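Student: I'd like to ask some things about the structure below.
Numbering (the numbering used here), first residue to last: 5 to 139.
If you want it as structure tokens, here you go:
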């Protein structure tokens, strides 16, 4: 039931919990995430909440580099555009099923932008010359 915008840490926790509930049950992403996260879903979700709280609410909770963990995943299972498309789809579904408003729109736009940035960085790490264009 969406009737409000994202405005608090608790809202972000709802978003992240909804998203990871969908990820765990997803045939494309579920096993991939489970192999990386192991059994510490709670700890992972807490870090992801910190990330989104920093991005959306401006509270500097997240102090790491998000890309580093994804480079490790890519070494085990090369990530492809369809992984990122599915991730974006599940994230947008989680936002849209719970929230509406300016911050909800911003969260969705930031997720898509992060997806593009991560894909470009992964291609650079793989040595793809097409990823070395100036943006």
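The C-beta atom is built at its ideal place from N, Cα and C for all residues, glycine as well. These figures come from a predicted structure and were not determined experimentally.
For residue 23, does the three-state DSSP call read helix, strand or coil?
Tutor: Helix at residue 23.
Student: Could you pull out every residue in the same chain whose Cβ sits closer than 8 Å to the Cβ of residue 19, ignoring the five residues on either side in sequence?
Tutor: 10, 56, 98, 99, 102, 103 and 111
Student: What do you get for residue 53, buried or exposed, if any count of 16 or more other CB atoms within 10 angstroms of its CB means buried?
Tutor: buried
Student: What are the boundary residues of the alpha helix (DSSP H) that residue 101 is part of?
Tutor: 85-102
Student: Determine the DSSP secondary structure at residue 34, reduced to helix, strand or coil.
Tutor: helix
Student: If you follow the alpha helix (DSSP H) that residue 47 is part of, which residue opens it and which one closes it?
Tutor: Per DSSP, the continuous alpha helix (DSSP H) segment holding residue 47 begins and ends at 45-56.
Student: Do you know offhand how far residue 61's Cα is from residue 39's?
Tutor: Between residue 61 and residue 39, the C-alpha separation is close to 30 Å.
Student: Taking residue 80 as the reference, give the member of 35, 117, 44 and 8 with the closest Cα.
Tutor: 35
Student: Which residues bound the alpha helix (DSSP H) around residue 113?
Tutor: 106-129
Student: Run through DSSP, which three-state label would residue 15 get?
Tutor: Shown here, residue 15 sits in a helix according to DSSP, grouped into three states.
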